[in-house]
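Peer 1: Below is a structure I'd like to ask you about.
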Amino acid sequence: MESIEFVVVLLMVAVNGVFAAYEIALASVTAARLQLLVDQNRRGASAALEMKHGIEESLAVAQLGITLVGLIAGATGGASATDDLAPRLVSWGLGPLAAEVIAISLVVVPLTGVTIVLGELVPKLFALRNKEWVCLTLSPPMKLFARSVWPLVWLLEGTASWAMDALERIWKPTPHPDARTEAAEIQELRAIVGLARTSRLIGSREEDIILGAARLASRPLREIMVPADSIHLLSTDQSLSESLIAAHQAMHTRFPVASSHDDPQTICGYVTFKDIVAALRVNPHDPSVRGVLRQILSLDASQPISAALEDLLREHAHIAVVRDESGQVAGMVTLEDIVEELLGDIHDEYDLLPNHIVSAGPGWVIGGGATLPRIREVTGIDLTVATTARYLSAWIIEQLGREPEGGEILHSGRVRALVRKVRRHLVLEAALTLEPEGSPLPD
8 MESIEFVVVL
18 LMVAVNGVFA
28 AYEIALASVT
38 AARLQLLVDQ
48 NRRGASAALE
58 MKHGIEESLA
68 VAQLGITLVG
78 LIAGATGGAS
88 ATDDLAPRLV
98 SWGLGPLAAE
108 VIAISLVVVP
118 LTGVTIVLGE
128 LVPKLFALRN
138 KEWVCLTLSP
148 PMKLFARSVW
158 PLVWLLEGTA
168 SWAMDALERI
178 WKPTPHPDAR
188 TEAAEIQELR
198 AIVGLARTSR
208 LIGSREEDII
218 LGAARLASRP
228 LREIMVPADS
238 IHLLSTDQSL
248 SESLIAAHQA
258 MHTRFPVASS
268 HDDPQTICGY
278 VTFKDIVAAL
288 RVNPHDPSVR
298 GVLRQILSLD
308 ASQPISAALE
318 DLLREHAHIA
328 VVRDESGQVA
338 GMVTLEDIVE
348 ELLGDIHDEY
358 DLLPNHIVSA
368 GPGWVIGGGA
378 TLPRIREVTG
388 IDLTVATTAR
398 YLSAWIIEQL
408 GREPEGGEIL
418 HSGRVRALVR
428 KVRRHLVLEA
438 ALTLEPEGSP
448 LPD
């Protein structure tokens, strides 16, 4: 093979690698990532995004380039085999036909191997590891090449689209039943978000928020509502002073108001703590909360949490009653409840549980905010075995498997816990005693 022919073949292999690298890089990079690069005014990003949006045309451009350079490399190598190697083989005693076949094989086989490795595999692996750089660097010249050969690109793209449509009319693969299920899509999103966190584009908190937001559309509102029998109600027949005392004890900001005492089915509106205080200042002789009653939003228990969030935001509401299929009040939900599904528990000043540990007779009166290691250190009662809870309140709720109620008694091994006070579904205070060894366990 003459030196000029050898240079041409190597050049074609290199150009083949450029087209192959661009093809795989453009297919693997996401349009969202390219849009981000456009917003950052990265050079070549606009051309890359344009080529990504016209991916069918871009693939046709890459294939056209690969085919052209392949033809040039093959023709150059074949000509060298016919002109140089075949006559030498004939001079060694081979027949003309056999000499030509062997000569072509001696050129084409090594050329094919070099093309596969250096013109396909290596460029594609490089492009997969550096897809953004490849796209930004090669998109402008690829865009110019596409314009220069647009009739061929148009013909190839149109032919491919027609063939694909015809094939789908004859046979279309049936997707796996689990391919596009919600669980599969959540798993795919989890993988993408995990990759973003690994790349340090987001943190673990942002990862939890994204995954939590994705689940809001599939979870019904009834999963996070406060049950009707756990709602702290005010009554329309309560005076403002009585309402203020009740509101102060419950430590909430907004309270549903019922026309019948302690009957959530008669909720007719809500009031805020500020409304009560302001009404007492302006008109201390007003006998009830009716004068400051606000209209309360009503939501369906079966609707997705995401839809409930949209309703609350649209109505500028922070609280709503939740009704079941029969129209009965099933519970209540607040904007904070939904936000906590994204961010986790949000503790305000009144969410802080007491952490006192006071000796009382044979046992101890302990605040729900006391940590289990501190309880063990002070009382000798070890609650840290086989639990993920850190505080006494969380430990009792974990043992019960439900929300606690005041006055109930819990037995765990030799530990006897009496729930003394409950606030906002948390154990405010409990009395712990350690039963003597050998005592019979309660049924």
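So for the sequence shown, my numbering puts the first residue at 8; every next one is plus one. Idealized CB from N, CA, C, for every residue including glycine.
Find out if the Cβ-Cβ distance for the pair Ile303, Tyr277 is shorter than 7 Å.
Peer 2: yes
Peer 1: Measuring only the C-alpha atoms, how far is Ala265 from Gly414?
Peer 2: 26 Å
Peer 1: Do Ile403 and Ala377 count as a contact pair if the criterion is CB distance below 7 Å?
Peer 2: no
Peer 1: Starting from Asp269, trace the beta strand (DSSP E) both ways and give me its first and last residue.
Peer 2: Asp269 -> no beta strand (DSSP E), and no H or E assigned at all.
Peer 1: With DSSP as the reference, please indicate the residues paired to Asp307 in a beta bridge.
Peer 2: Answer is Arg330.
Peer 1: Could you compute how far the alpha carbon of Val392 sits from the alpha carbon of Leu132?
Peer 2: 51 Å
Peer 1: In this structure, what does DSSP give as the bridge partners for His418?
Peer 2: Arg423
Peer 1: If we count the other Cβ atoms within 10 Å of its Cβ and call it buried at 16 or more, is Arg409 buried or exposed?
Peer 2: exposed
Peer 1: Kindly indicate the opening and closing residues of the alpha helix (DSSP H) around Thr144.
Peer 2: Lys138 to Ser155
Peer 1: How should Ile123 be labelled, buried or exposed, when 16 other C-beta atoms within 10 angstroms of its C-beta is the threshold for buried?
Peer 2: exposed
Peer 1: Could you compute how far the alpha carbon of Val16 sits from the alpha carbon of Ile79?
Peer 2: 8 Å
Peer 1: Spatial neighbours of Pro380 within its chain, please: CB distance less than 7 Å, with the 5 preceding and 5 following residues excluded, ordered by chain position.
Peer 2: Thr391
Peer 1: Provide the residue span of the alpha helix (DSSP H) that contains Ser366, from first to last.
Peer 2: That residue, Ser366, is in no alpha helix (DSSP H); its beta strand (DSSP E) goes Ile364 to Ala367.
Peer 1: From the DSSP output, in three-state form, read off Arg49 for me.
Peer 2: coil
Peer 1: Keeping to the same chain, check which residues put their C-beta closer than 8 Å to that of Asp236; ignore five residues upstream and five downstream.
Peer 2: Pro271
Peer 1: Closer than 7 Å by C-beta to Ser305: which residues in its own chain qualify, once you throw out the five before and the five after it? Chain order, please.
Peer 2: Ala327, Val328 and Arg330
Peer 1: What residue range does the alpha helix (DSSP H) around Ala314 cover?
Peer 2: Ile312 to Arg321
Peer 1: May I ask you to report which of helix, strand or coil DSSP gives Ile209?
Peer 2: coil
Peer 1: In the DSSP assignment, the alpha helix (DSSP H) including Val284 goes from what residue to what residue?
Peer 2: Phe280 to Val289
Peer 1: Do Val289 and Ser250 have their beta-carbon atoms positioned less than 7 Å apart in this structure?
Peer 2: No. Outside cutoff.
Peer 1: Look up Glu442 in the DSSP assignment and say whether it is helix, strand or coil.
Peer 2: coil
Peer 1: Of the residues Gln47, Val36, Val45 and Thr74, which one's Cα is nearest the Cα of Ile510?
Peer 2: Only positions 8 to 450 of the chain appear in the structure, and residue 510 is not among them; the question remains open.
Peer 1: Given a cut-off of 7 Å, decide if Ala257 and Phe280 are closer than it, judged by their beta-carbon atoms.
Peer 2: no
Peer 1: Taking Cβ to Cβ, would you say Gly370 is nearer than 7 Å to Leu435?
Peer 2: no
Peer 1: Taking the alpha helix (DSSP H) that Trp402 belongs to, which residues open and close that run?
Peer 2: Leu399 to Leu407
Peer 1: Please go through the segment 235-259 and give each complete alpha helix (DSSP H) segment of 4 or more residues, from N-terminal end onward.
Peer 2: With a minimum length of 4 residues, the continuous alpha helix (DSSP H) runs that stay inside the segment 235-259 are 247-257.
Peer 1: Taking the Cβ atom as the reference point for each residue, do Ala308 and Leu228 lie within a distance shorter than 7 Å?
Peer 2: yes
Peer 1: Out of Val429, Gln70, Val141 and Glu347, which has the shortest C-alpha to C-alpha gap to Leu316?
Peer 2: Glu347
Peer 1: Leu202 and Ala221: beta carbons closer than 7 Å?
Peer 2: Contact flag unset, no.
Peer 1: Consult DSSP for Trp169 and reduce its assignment to one of helix, strand or coil.
Peer 2: helix
Peer 1: Just grab the DSSP bridge partners of Ile373 for me.
Peer 2: Residue pairing by DSSP places Ile373 opposite Ile364 and Ala437 in a beta bridge.
Peer 1: If distances are taken between C-alpha atoms only, which option among Thr341, Ala337 and Glu332 comes closest to Glu322?
Peer 2: Thr341
Peer 1: Any contact of the segment 30-50 with the segment 134-146, i.e. 3+ C-beta pairs under 8 Å?
Peer 2: Contact check between the segment 30-50 and the segment 134-146: three or more CB pairs, one atom from each, fall below 8 Å, which counts as touching.
Peer 1: Let me know the secondary structure DSSP gives Ala324 once reduced to three states.
Peer 2: coil
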